[in-house]
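J.: Quick note on the numbering used here: the sequence shown kicks off at 16 and runs consecutively.
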Amino acid sequence: MKYADFYSDSTNNPEEFWKQQAENIHWHSKPKTILSKDDNDYPVWFHDGQLNVCYLALDKHIEDGFGDQTAIIYDSPVTQTVKKYSYNEVKSEVARLAGGMQSLGLKKGDTAVIYMPMIPQAVFAMLACARIGVTHSVVFGGFAPHELAIRIDDCKPRAIITASSGIEVDRLIAYKPLVDEAIELAEHKPKKVIVLNRKLGARIPFKKYDVDYDALVYGSEEAACVPVESTHPLYVLYTSGTTGKPKGIVRDTGGYATALKYSMKYIYGVHPDEVFWAASDVGWVVGHSYIVYGPLINRNATVVFEGKPIRTPDASTFWRVIAEHRVSVMFTAPTAIRAIKKEDPNGEFIKQYDLSCLRTQFLAGERCDVATLEWYREHIPVPAIDHWWQTESGWPMIANMMGVEYLPIKPGSAGKAVAGYDIRIFGENGQELGPNEEGYVVIKLPLPPGTLMTIWNDIERFKAGYLKKFDGYYFSGDGGFKDDEGYIYITGRVDDVINVAGHRLSTAEMEEIVASHPSIAECAVVGIEDELKGQIPLALAVIKSGDAIEHFQLQHEVVHLVREQIGAVASLKDVVIVNRLPKTRSGKILRKLLRQIVDGVEYQIPSTIDDEAIIDEMIEVFEKSKIGSFK
Ligand code: COA
Ligand code: AMP
């Protein structure tokens, strides 16, 4: 099949194209309407269809005779455990957990927060929610109670499902006390907290709202799948935006299931039966789409990996997992490859494993630098495919569609638009730019099925953030350009969102927290280049006049504040004290200029700058602090 033909089918007649793709999943009631509009005039797919995603992920395969096939491979170097679960076993546990949740009063229309480490029970919890129509919101375990509380207050869960603890390399993280703290902080109080006791570390005091996970599963009857409307929110997943408040991206059910099934075949080129491994976390969109729903709907065995690319125990782990479980297609973030490359530059560990099972390596989550791609290609003889997407899209938007036609790779580009996405590059005034001209990456509406429906409880923010900038187009928040062959190069975010080790974070949120320090009069947080993590945050602080706080103490306190409020994952480690910040004449901080100076890249002094002399001042401070390119 030719990519060009496939692509034009998708854009020439999207309704027919997606109607055909929707045939590849089972509907309790098939949609008669393929594309329509919601009350806000926003496109909606398959609105009168009914289905259940847990049914697609489990029961359907069992009914088709594949119950004994492996569904989940749990590989946990941090607990030295490998355990496989068949589709039958997963269904039995999920259905009883769902039954238990029903007995606690959870039903379609409710929400539940899941805050768990990378263990199979996190997947069971998601599927159990989907089974009974409960909308889940998974919160990444690296977020602190304050962040968890913000999400609790926004999505108002009836229950939280958690585990007693997780392990970060060699450090026990007690999850349950973090949940208790979050509940104290939040105004909304969930009725129940279902706790999986992992029996690691100290016993955790029992609270009145606690329910033991194991007792609930073993004491409950199996719940049947509850068919839901195609537009029923399967989940809300919070992601960082340009303000301090995270955005709850709302995912539908029918469009998402259709898109995931499509993407497994045409983008990832993975066949049912094969082992698929997305080395991410269920707390991120990658985890939702490609640890849980995508591979299970496609009847793959999915790897749930509780470890890191390095230090668990070393840089050989990824290769061991691939070889041991015969992984066919893998997904990871470039930062993970950079971490491995740093520890094992000559790929000595790679030589120790039989990686003949591996067919394709996908990379995403951040820009893939050419050096990382080249290192991978030098050491592992399979295509390494950069591809671009976001929490909002739920599945890839730019890629080399491996199940359609393998196109030549151009390092630095994430490939061409995936069939279903009409991607354009726009200038500031909404004019379409020509080849190799850099601008805003936008997508013509309607977006294909499975992409965001709205922002939870905030339709105005949804419209303002994504739809208002360019009428009739979705604004991605990324910049980039297209070459004359249609390859798209993503150059980075055009807003205050940064990407730290594949984790999306908001500098605006960090700024609010840094600014709350009593000694700080004013501050800016910018994402600067980092060899390992891609970007890391740097805080620049102006001290209140008369305040004599020492740099070391301020840095210590600010780092602590950010870890306490957002979590360790924010990775804010550097604070520089400055006398003033570069601003425009109207008082806007010139963050981009600051970032460019620290990164040592070419910059243009904005004509709106208040005082050019500040640039030399900044350079002097960065030289003294040995920050960024001034190291
Ligand atoms: N629970 C609790 N803490 C967590 C956590 C979790 N689930 N995940 C990360 N953290 C903590 C870490 O322990 C670390 O704490 P520290 O500052 O006290 O050491 C901090 O958050 C930063 O973690 P991380 O960004 O993971 O950095 P690292 O130095 O531990 O590891 C990498 C670096 C590159 C190996 C790691 O970031 C990695 O594997 N990245 C790939 C990310 C990825 O796959 N993203 C998927 C998106 S597609
Ligand atoms: P998230 O929503 O956490 O998946 O982060 C999405 C953001 O990560 C995008 O808007 C991009 O800025 C960045 N991103 C993801 N994949 C890529 C990629 N392949 N190349 C460049 N940037 C990427």
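Backbone N, C-alpha and C define an ideal beta-carbon position, used for all residues, glycine too.
Small disclaimer: the values here were computed from a predicted structure and weren't measured.
Of the choices S245, R353, A239, T375, whose alpha-carbon is the least far from that of A293?
T.: T375
J.: Closer than 7 Å: is that where the CB of E381 sits relative to any heavy atom of the ligand AMP?
T.: Taking 7 Å as the cut-off, one finds at least one heavy atom of the ligand AMP near enough to the beta carbon of E381.
J.: Among the candidates Y368, S371, C383, D369, whose CA atom is the shortest distance from the CA of A351?
T.: C383
J.: If you follow the alpha helix (DSSP H) that V385 is part of, which residue opens it and which one closes it?
T.: 385–394 is the span of the alpha helix (DSSP H), which, as asked, contains V385.
J.: Taking only three categories from DSSP, how would you classify V344?
T.: Assigned with DSSP and collapsed to three states, V344 falls in strand.
J.: What number of angstroms, rounded off, separates the C-alpha of D74 from the C-alpha of Y18?
T.: 33 Å
J.: Taking the alpha-carbon positions, what's the F364 to I325 distance?
T.: 12 Å
J.: Quick check on the DSSP output: the alpha helix (DSSP H) that includes P29 runs from which residue to which?
T.: 29–37
J.: Shorter than 7 Å, the distance from the beta carbon of W299 to the closest heavy atom of the ligand COA, or not?
T.: yes
J.: The ligand COA and I188: does the residue's C-beta get closer than 7 Å to at least one heavy atom of that ligand?
T.: yes
J.: Grab the span of the alpha helix (DSSP H) containing T522 for me, first residue to last.
T.: 522–530
J.: Can you round the beta-carbon distance between P132 and Y89 to whole angstroms, since I take them to be within the 8 Å contact cut?
T.: Contact flag wrong, Cβ pair sits at about 11 Å.
J.: Pull up the distance between the alpha-carbon of D473 and that of H394, whole angstroms please.
T.: 47 Å
J.: Look at I209 and Y228 and say whether their C-beta atoms are less than 8 Å apart.
T.: Taking 8 Å as the Cβ cut-off, I209 and Y228 qualify as a contacting pair.
J.: Within 10 Å of its beta-carbon, does Q570 have 16 or more other beta-carbons around it, so buried, or fewer, so exposed?
T.: Buried.
J.: By the 10 Å Cβ neighbour count, where 16 or more other Cβ atoms means buried, how is M16 classified, buried or exposed?
T.: So M16 ends up on the exposed side.
J.: Under a Cβ-count criterion, where at least 16 other Cβ atoms within 10 Å of its own Cβ denotes burial, should K280 be classed as buried or exposed?
T.: With 16 or more other Cβ atoms within 10 Å, it is buried.
J.: Restricting to runs no shorter than 3 residues, where is the beta strand (DSSP E) found entirely within the segment 200–269?
T.: 207–211, 225–227, 250–254, 262–266
J.: Please report the straight-line C-alpha distance between S331 and D369, rounded to a whole angstrom.
T.: 12 Å
J.: Return yes when the Cβ of K122 is within less than 8 Å of the Cβ of V243, no when it is not.
T.: no
J.: Could you tell me the alpha carbon to alpha carbon distance between V577 and I182, rounded to whole angstroms?
T.: 21 Å
J.: List the whole-angstrom C-beta distance separating R213 from A174, where the pair is believed to meet the contact cut-off of C-beta under 8 Å.
T.: Not a contact, Cβ separation roughly 19 Å.
J.: Rounding to the nearest angstrom, what Cα-Cα distance links L211 and I424 in this structure?
T.: 45 Å
J.: Leaving out the 5 sequence neighbours to the left and right, which residues in its chain are closer than 7 Å to G322 when beta-carbon positions are compared?
T.: S91, P92, V93, T332
J.: Are there 16 or more other CB atoms within 10 angstroms of the CB of H575, so buried, or fewer, so exposed?
T.: exposed
J.: On a Cα-Cα basis, can you pick out the residue from R111, P135, G115, D83 that is closest to K98?
T.: P135
J.: In its own chain, which residues sit with a C-beta less than 6 Å from the C-beta of P464, not counting the 5 before and 5 after it?
T.: W33, W60, G270, T273, A274
J.: Flag this pair as yes or no: are the beta carbons of I176 and A127 separated by less than 8 Å?
T.: yes
J.: Could you check where the alpha helix (DSSP H) with F637 kicks off and where it finishes?
T.: 628–640 is the span of the alpha helix (DSSP H), which, as asked, contains F637.
J.: Is P261 near the ligand COA, in the sense that its beta carbon is under 7 Å from a heavy atom of that ligand?
T.: No, Cβ of P261 sits at least 7 Å from all heavy atoms of the ligand COA.
J.: Pull up the DSSP beta-bridge partners for D288, would you.
T.: In DSSP, D288 forms no bridge with anything.
J.: Once DSSP output is grouped into helix, strand and coil, what is the label at E452?
T.: coil
J.: Pick from V540, Q580, S534: whose alpha carbon is nearest that of D562?
T.: Minimum Cα distance to D562 is reached at S534.
J.: Can you find a C-beta in chain D that's less than 8 Å from the C-beta of Y130?
T.: Absence of chain D from the displayed structure is noted, only one protein chain being present.
J.: Which value, in whole angstroms, describes the spacing of the CA atoms of G3 and W404?
T.: Absent from the model: residue 3. The displayed extent of the chain is 16 to 646, so no value can be given.
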